[in-house]
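As numbered in full-length UniProt numbering, residues 1 to 721 make up the sequence shown, in order.
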Amino acid sequence: MNPIQTRRAKILAISSSFALIIYLIRRYRRYVILKKRQSFANRQVTTTSNTPSALPIKKALNKQFFHQLRVIVRILIPRLRSDSFLLLITHLATLLTRTFLSIYIAHLDGAIVKSLVQRNARDFLRAISIFLTVALPASFINSAIRFAESKLALAFRSKLTRYAYEAYFRNQTYFRVTNLDSRLLTPDQNLTDDIETFTTTLTHLFSHLTKPFFDVAIISWSLIAMVRQRKNARGLKEVPAMLAVIISVTFMALRRLSPHFGKLVSEEARRRGVLRFAHTRVIANAEEIAFFDGHEVEKNWIFKLYDQLREQTSLIITKKLWFIMLEQFLMKYFWHACGMVFIAIPFLTYDGPAETDDPIGDPLGISTRTEAFTISKNLLASGADALERIISSYKEIAELAGHTNRVYTMLNVFDECSHEHYQKASVTTHEGHHEHALSNIKKKMTLNQRAEGQIIESERDIIADNVPIITPNGDIIVESLSLTITPNMHVLITGPNGCGKSSFFRIVRGLWPIYSGRLHRPKPSSFFLIPQRPYMCPGTLRDQIIYPHTANQAFVDDNELMEILNNVELQQIVQREGGLNAERDWKDILSGGEKQRLGLARIFYHKPKYALLDECTSAVSIDVEGKIYERAKALGISLLTITHRPSLWAYHTHLLQFDGDGRWTFEVLNTEKRLTLKGEKERLESQLAGVPEIQQRLTELRQLLGEGPEENGQNEDSDGD
Ligand SMILES: Nc1ncnc2c1ncn2[C@@H]1O[C@H](COP(=O)(O)OP(=O)(O)OP(=O)(O)O)[C@@H](O)[C@H]1O
1 MNPIQTRRAK ILAISSSFAL IIYLIRRYRR YVILKKRQSF ANRQVTTTSN TPSALPIKKA
61 LNKQFFHQLR VIVRILIPRL RSDSFLLLIT HLATLLTRTF LSIYIAHLDG AIVKSLVQRN
121 ARDFLRAISI FLTVALPASF INSAIRFAES KLALAFRSKL TRYAYEAYFR NQTYFRVTNL
181 DSRLLTPDQN LTDDIETFTT TLTHLFSHLT KPFFDVAIIS WSLIAMVRQR KNARGLKEVP
241 AMLAVIISVT FMALRRLSPH FGKLVSEEAR RRGVLRFAHT RVIANAEEIA FFDGHEVEKN
301 WIFKLYDQLR EQTSLIITKK LWFIMLEQFL MKYFWHACGM VFIAIPFLTY DGPAETDDPI
361 GDPLGISTRT EAFTISKNLL ASGADALERI ISSYKEIAEL AGHTNRVYTM LNVFDECSHE
421 HYQKASVTTH EGHHEHALSN IKKKMTLNQR AEGQIIESER DIIADNVPII TPNGDIIVES
481 LSLTITPNMH VLITGPNGCG KSSFFRIVRG LWPIYSGRLH RPKPSSFFLI PQRPYMCPGT
541 LRDQIIYPHT ANQAFVDDNE LMEILNNVEL QQIVQREGGL NAERDWKDIL SGGEKQRLGL
601 ARIFYHKPKY ALLDECTSAV SIDVEGKIYE RAKALGISLL TITHRPSLWA YHTHLLQFDG
661 DGRWTFEVLN TEKRLTLKGE KERLESQLAG VPEIQQRLTE LRQLLGEGPE ENGQNEDSDG
721 D
C-alpha cells in the first residue's frame, strides 16, 4: 500500500469509529428517555389492559420479542424430524439454488453481451441456447420457492392452531377467558386471523431474509473473486469499507425514521377484531333488534367502529407513503449511483496492458471490459436488491413483533386461565369513568386475588362450608354460605333479581372460582344444568337429546329416545321434523317452549344426580311442567330449581332463599303453609292497591259537597247537635 492509500484507510477507520460512538451514545440516551416514559405511563395506567397494542414496539423488538418468538418457534418446530422442519430445509434448499442460478445467469448475460460486441454469431447462439436451457430449472425453482413457502406457512399454521385449540378447550378455558379474565377481548379473532397472519408473516419474512443473506454472501464472494483478477486497477480495495459505510448510514437513517409499524398493525388488528365482534352480536341478536327496529343503534355503532378501523388503516398507509419514498430514494437511486461509481473505479483507474484474448478482432479489449461491466452490474444490482430487502424487512420485523405479541399473549392467557390465574380489569367507560353502581352490592373484593377455597370431591352430597359467592368482577354477592344438600332433597331457590341464584349454580358446578371456604361436591358429571334458553348444538334431533354425547357415545336406542321425548311431551316433533336423524337449525325452527322441553329431555337421557334447573320451564305450560317434574323425581334425580312460579313449590322439599343484601336462609319447605301465606299476602296487596283510588274519590266528593278536608267529622257532629 502506498502512503496515500494508508492515510485514506486511517481516515476512514477513524471517521467510522467516531460515527459508531456517536450512534451508540444517542441510542443509549434514547433508551433512557424511553424507559422513563414507560415507567411514568405504567404509573398512570390503573386498569390491567394487557392488550398487545399497549406494548411499546421498541421493547417488543428487543428481548421480549425474541423470547416470545423462541417460545412460539418451539411449538412450530417441536422436533428435528417434524414435517415443518423438513419443509423448512426444502425451502432453504430452493432459496440457495436460486442464488447460484442468479449468479450463473449474470455470467451468462455477460457472455451474451461479449459475443455481441465481438460480432461472434456462434458464441451468441451457444450462450442463448444455454440461457434457455437454464431457464427451465430456474422457472421451476422460482415456483418451488413459493410452493415451499406456502406449504411451510400452512404447516406452521396447522401446528399453532392445533396447539391453541387444545389449550382453548382444556379446563373450560373457552369459558374462563371471556368470563373470568379480561385480557383477551376477541379470542375468536386471536384463534383465526391472528394465527394466520402471524404464520404467513413469519414464513414470508423467513424467505425474504434468508435469500438476501445468501445473495449478499455469495455475490460478495463472486465480486471479490472478480476484483482479485483485476490486479492492475487502483482504488478497489477501499470499496468494501465504502460499501459498509453506505449500508450502515442507510440502515441507521431508515431505522431512525421508521414509524412504529408493529404497534400500528397490532392496533389495526385489534380494531378489526372489535368490528367483527359487533357483527357477530348483530347476527346473534337479530330477532330482538328487528322486533325493536333497533338497527339504527347497531348501524351507528358499527359505523363508528369501522371509522376507527379506517382511521388506523389510513394512518398506516400515509406513514408508509413517506417511509417507502425514503426507502426508494436511498436504496434504489442513491445505491444505484454508488454502484455505478464502484463499477467505474477499475475501468477508470486501470493502467495495465490491453485486456484481450482476441488481439485481432478486439485489440483494445472492449468486449472483455463490456462483459466484466455487464457481470458486475448484474451482480451489484442483485446484491443491492438483496440488501434492500434485508433493510426494508425492518418494518416487516416490527410488524411481526406485533403479531408475535398477540399470539404469545393469547397462548399465555390460555395457559394462565387453565391454571386459574385470572386478570380482570374493572369495568370502565371509554372516558375511563368507573361504571359499577350496583346499589345492592355492599363489598368488592380486591381484583386478581388468588382463589384459595378448597373443592373436595364427595360421593353424593353437596356441602358448602363458609363458601362466598363472588362475581368475576370481584363483587361479593354472598359473604359466606354454609349448607348441605343430599340427593333425596329437592331444593327451590328464590330471591330478587341479581341476588345470586344462578351464581350459586356456577359455584356448585365449579365455573366460578371459590375464594375461601370448602365445597364438597360430587364429580362434575353428576350435575346437569338446563338454563332458560338451552343451547341447541349443530346436528340431528338425536344430537339435541343426547347432548353433549355424540351419536357414537349414545347408550340408548331409538325406542328409548322416543320414551324420553314422551316424558317431555315432545314426541310429535319427530314426525314433524322428519325423524330422529333430521338435521335442522334447531335454534331457529323450534318455539321457545319446545326448546325448553328438548333441553329438559336431556336430563331423562343423562339421569344426573342433580339437575340444576334455571327457570327452564318459564315457557312450558303448567300442566306439562308438573308432569315433567314428577317423572324426573321418579327417576331419583335431585332437583335444584330457580323459579318465580309458585306452581313449582309443590315439587320441592327445601327452600334456599337469598334476600339480595347478601343474606340467605335454607330451610324445609312447607308448601301448604307457604301457599296460605302467599294467598293472604296477595289479598292484602290487592286491598291496598285500591286504597289510593278510594282516597282520590273521597277528596272529589268532599269538593263537590263543599266540605274542607277536616270538616267531615266536625260537621256531622254539629248537624247532630
Ligand atoms: N359473568 C359475570 N361477570 C360479572 N358479574 C356477573 C356475571 N354474571 C353475573 N354477574 C353478577 O352477579 C350478580 C348475580 O347474578 P345472578 O345471575 O346470580 O343473578 P340471579 O339471582 O340469577 O338473577 P335473575 O333472577 O335475574 O336471573 C348480578 O349482579 C350480576 O350482575
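Here a beta-carbon is modelled for each residue, glycine too, at the ideal position from N, C-alpha and C.
Selected residue, minimal CA-CA separation from residue i, among the options
i	options	result
serine 314	Lys299, Leu264, Ile72	Leu264
glycine 495	Thr94, Leu101, Glu615, Gly517	Glu615
proline 538	Ile589, Ser525, Phe292	Ile589
residue 722	Asn497, Ser482, Arg702, Ala278	One cannot answer for residue 722 here, as it falls past the ends of the chain, which runs 1 to 721.
leucine 275	Gln572, His295, Lys304, Glu296	Lys304
alanine 386	Ile219, Arg674, Pro524	Ile219
methionine 340	Asn378, Leu326, Glu311, Ser638	Asn378
valine 216	Asn190, Ser266, Ala381	Ala381
isoleucine 103	Asn552, Val249, Pro692, Trp221	Trp221
alanine 384	Thr192, Glu196, Ile246	Ile246
arginine 597	Gln572, Leu492, Tyr610, Glu399	Gln572
histidine 654	Thr97, Arg663, Leu639, Ser591	Leu639
glutamate 667	Leu492, Val134, Phe334, Met242	Leu492
tyrosine 168	Phe147, Lys151, Asn190	Asn190
asparagine 473	Ser621, Thr178, Arg674	Thr178
phenylalanine 373	Leu675, Ala344, Pro78	Ala344
asparagine 488	Gly660, Gly636, Ala398, Asn142	Gly636
DSSP bridge partner residues for residue i (one or two, in chain order)
i	result
isoleucine 507	Beta-bridge pairing links isoleucine 507 to no other residue.
tryptophan 664	Phe658
arginine 521	Glu457
valine 478	Ile469
valine 491	Leu640, His654
isoleucine 462	Ile485
glutamate 583	Thr540
First through last residue of the alpha helix (DSSP H) which encompasses residue i
i	result
valine 624	622-634
tyrosine 610	Not the alpha helix (DSSP H): tyrosine 610 falls in the beta strand (DSSP E), residues 610-614.
threonine 99	83-117
serine 158	121-168
threonine 313	295-328
lysine 595	592-606
leucine 541	541-546
histidine 279	261-284
arginine 74	63-76
tyrosine 333	Careful: tyrosine 333 lies outside any alpha helix (DSSP H) and carries neither H nor E.
6 Å Cβ shell around residue i - same chain, five flanking residues per side excluded
i	result
alanine 554	Ile546
threonine 665	Gln657
methionine 331	Glu388
arginine 43	Confidence is the limiting factor: at arginine 43 the pLDDT is only 36, short of 50, which leaves the residue's position unreliable, though a coordinate-based value still follows. Correct list: empty, nothing qualifies.
phenylalanine 198	His403, Val407
aspartate 194	Arg406, Val407
arginine 176	Cys417
alanine 106	Ile375, Asn378, Leu379
leucine 704	none
Contact set for residue i: own chain, Cβ-Cβ below 8 Å, skip 5 residues either direction
i	result
alanine 451	Glu420, Pro513, Ile514, Tyr515
arginine 37	Per-residue confidence for arginine 37 stands at a pLDDT of 48, beneath the threshold of 50, marking its modelled position as unreliable; the derived number appears in the next sentence. Excluding residues within five positions, none has a Cβ falling inside 8 Å.
glutamine 312	Leu264, Glu267, Glu268, Arg271
arginine 509	Pro524, Phe527, Leu529, Leu612
Span of the beta strand (DSSP E), counted from its first residue to its last, around residue i
i	result
phenylalanine 528	527-530
leucine 565	Element bounds for leucine 565: not the beta strand (DSSP E) but the alpha helix (DSSP H), 558-567.
threonine 641	638-642
7 Å Cβ shell around residue i - same chain, five flanking residues per side excluded
i	result
alanine 207	With the sequence shown as reference, residue 207 is identified as serine, and alanine is not the correct amino acid for it. Excluding sequence neighbours, serine 207 sits near His91, Leu95, Ile145, Glu149.
leucine 561	Arg542, Ile545, Leu580
aspartate 461	Thr484, Ile485, Thr486, His520
aspartate 181	Val413, Cys417, Tyr422, Gln423, Lys424
isoleucine 400	According to the sequence as given, residue 400 is leucine; it is not isoleucine. For leucine 400, where only same-chain residues beyond five positions count, the Cβ hits under 7 Å are Thr201, Leu202, Leu205.
serine 393	Leu205, His208, Leu209
Near ligand 2: residue i beta-carbon under 7 Å from a heavy atom
i	result
asparagine 497	For the structure depicted, ligand 2 is absent and the ligand set comprises only ligand 1.
> Is the segment 147-155 close to the segment 80-87, with three or more CB pairs under 8 Å?
Replying inline: yes
>> For the pair the segment 647-664 and the segment 575-591, tell me if three or more CB-CB distances fall below 8 Å.
In response: no
>> Quick check: the segment 457-476 against the segment 491-505, are at least 3 beta-carbon pairs closer than 8 Å?
In response: yes
> Any chance the segment 404-415 sits against the segment 68-78, with 3 or more Cβ pairs inside 8 Å?
Replying inline: yes
> Would you call the segment 315-323 and the segment 271-286 in contact, with 3 or more CB pairs under 8 Å?
Replying inline: no
> Do three or more CB pairs link the segment 122-135 to the segment 98-114 at distances below 8 Å?
Replying inline: yes
> Contact between the segment 567-575 and the segment 599-615: three or more CB pairs below 8 Å?
Replying inline: yes
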